[in-house]
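Q: Here full-length UniProt numbering is used: the first residue of the sequence shown is 1, the next is one more, and so on.
For every residue, glycine included, the Cβ atom is placed at its ideal position computed from N, Cα and C.
Fair warning: this is a prediction, and the values are worked out from it, not measured in the lab.
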Amino acid sequence: MSDLLLKPALPGIALRRWRLLHRVKQTHAAQLFNVTQSTISRWESGVQAMEPAAQLQLERLLTARLDSAADQVLARLIGESQRPMHLICDLTHRLLACSPARAAEFTRPLSTLLGQSLWRFATPEIVLRESALATSGWHEIQAPPAVEFSTGSNASDLVPIRAGRCRWTRIPLSDGSAARLVETL
Numbered sequence: 001m002s003d004l005l006l007k008p009a010l011p012g013i014a015l016r017r018w019r020l021l022h023r024v025k026q027t028h029a030a031q032l033f034n035v036t037q038s039t040i041s042r043w044e045s046g047v048q049a050m051e052p053a054a055q056l057q058l059e060r061l062l063t064a065r066l067d068s069a070a071d072q073v074l075a076r077l078i079g080e081s082q083r084p085m086h087l088i089c090d091l092t093h094r095l096l097a098c099s100p101a102r103a104a105e106f107t108r109p110l111s112t113l114l115g116q117s118l119w120r121f122a123t124p125e126i127v128l129r130e131s132a133l134a135t136s137g138w139h140e141i142q143a144p145p146a147v148e149f150s151t152g153s154n155a156s157d158l159v160p161i162r163a164g165r166c167r168w169t170r171i172p173l174s175d176g177s178a179a180r181l182v183e184t185l
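1. How is Pro8 classed by DSSP in three states: helix, strand or coil?
2. Could you tell me if Asn34 is buried or exposed, where buried requires 16 or more neighbouring beta carbons within 10 angstroms of its beta carbon?
3. Provide the residue span of the alpha helix (DSSP H) that contains Gly115, from first to last.
4. On a CA-only basis, which of Ile13, Gln55, Leu56 and Leu21 is nearest Gly46? Give me that one, please.
5. When you compare each of Lys25, Ala75 and Ala163 to Arg180 by their alpha carbons, which one comes out closest?
6. Alpha carbon to alpha carbon, how far is Gln37 from Ala103?
7. Can you list, in chain order, the residues of its chain whose CB lies under 6 Å from that of Asp157, leaving out five sequence neighbours each side?
8. Report yes if the C-beta distance between Gly152 and Thr123 is below 7 Å; otherwise report no.
9. Under a Cβ-count criterion, where at least 16 other Cβ atoms within 10 Å of its own Cβ denotes burial, should Ile126 be classed as buried or exposed?
10. What three-state label does DSSP hand Arg170 in the structure shown?
11. Who are the Cβ neighbours of Glu148 in its own chain at under 6 Å, not counting the five residues just before and after it?
12. Quick check on this structure: which residue in Arg60, Leu10 and Gly176 has the alpha carbon closest to the alpha carbon of Met50?
13. What residue ranges within the stretch 42–81 form continuous alpha helix (DSSP H) runs of no fewer than 4 residues, ordered along the chain?
14. First and last residue of the beta strand (DSSP E) that includes Ala179?
15. Out of Ser68, Thr184, Arg94 and Asp175, which one is the CA nearest neighbour of Arg23?
16. Residues in the same chain with beta-carbon distance under 7 Å from Gln57, minus the five sequence neighbours each way, listed in chain order, please.
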């Protein structure tokens, strides 16, 4: 199953944002997805849900990667931080970078978690906050700078989450995708 955790209308919003960032017209996107321009329009407006194959293709387009030198510097700064924090793909929740303080909380080596979605470890409070992001403007180009909230704990030994305060900061990467810095406060 895909890690794309978007509600039916959100893939269309993500597709529109990708098109705008990359200056791709609906007609060209239609060619990429092998559909009509009107189908792209219906996806973006939320009138029509994307088929699973199209969602996977969209996920590949939108998944955050740390390809550029600037993005790799960001990952290095997080990897050298003394504070408990990690960087995930804003769309798929795949772990991109992690501080030693955060990695020390895990019971598996960091190398086995990098590139893996952390969504399965989410607490009910995290799930609730995630579901509210769409209406807060989080997925827009001019996203709110950060979101702070209280999180409960989970029952995972692998990636434990303790009750406390958390801050999410959305960071645009050089390729137009978005990452999320997750900090324990």
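A: Let me spell this out:
1. In the sequence shown, the residue the question calls residue 8 occupies position 8. Confidence is the limiting factor: at Pro8 the pLDDT is only 43, short of 50, which leaves the residue's position unreliable, though a coordinate-based value still follows. Taken through DSSP and simplified to helix, strand or coil, Pro8 comes out as coil.
2. Working through the sequence shown from its first residue, we reach residue 34 at position 34. So Asn34 ends up on the exposed side.
3. Here the question's residue 115 lines up with position 115 in the sequence shown. For Gly115, there is no enclosing alpha helix (DSSP H), as DSSP marks it with neither H nor E.
4. Taking the first residue of the sequence shown as 1, we reach residue 46 at position 46. Residue Ile13 is the option with its Cα nearest to Gly46.
5. The residue labelled residue 180 in the question sits at position 180 within the sequence shown. Nearest option by C-alpha distance: Ala75.
6. Indexing the sequence shown from 1 puts residue 37 at position 37. Indexing the sequence shown from 1 puts residue 103 at position 103. Spanning the two alpha carbons is a distance of roughly 45 Å.
7. For the purposes of this step, residue 157 is identified with residue 157 of the sequence shown, where counting begins at 1. Sequence-distant Cβ neighbours of Asp157 in its own chain, meaning closer than 6 Å and more than five residues away, are Thr107.
8. Locating residue 152 in the sequence shown gives position 152, counting from the first residue. Locating residue 123 in the sequence shown gives position 123, counting from the first residue. Yes, the Cβ-Cβ distance between Gly152 and Thr123 is below 7 Å.
9. For this step, residue 126 is matched to residue 126 along the sequence shown. Its Cβ being crowded by 16 or more others within 10 Å, Ile126 is buried.
10. The residue given as residue 170 occupies position 170 in the sequence shown. Three-state DSSP puts Arg170 in a strand.
11. Taking the sequence shown and counting its residues from 1, the one referred to as residue 148 is at position 148. Taking C-beta separations shorter than 6 Å and ignoring five residues to either side along the sequence, the partners of Glu148 in its chain run Arg167, following chain order.
12. Residue 50 sits at position 50 when you count from the first residue of the sequence shown. When only C-alpha atoms are compared, the closest one is Leu10.
13. List check, alpha helix (DSSP H) in window: 52–62 and 69–80.
14. Taking the first residue of the sequence shown as 1, we reach residue 179 at position 179. Following the DSSP letters along the chain, one finds Ala179 inside the beta strand (DSSP E) bounded by residues Ala178 to Thr184.
15. In the sequence shown, counting from the first residue as 1, residue 23 sits at position 23. Taking each of Ser68, Thr184, Arg94 and Asp175 in turn and checking the Cα distance to Arg23, the smallest one comes out for Asp175.
16. By 1-based counting over the sequence shown, the position of residue 57 is 57. Excluding positions up to five away in sequence, the list reads Phe33.
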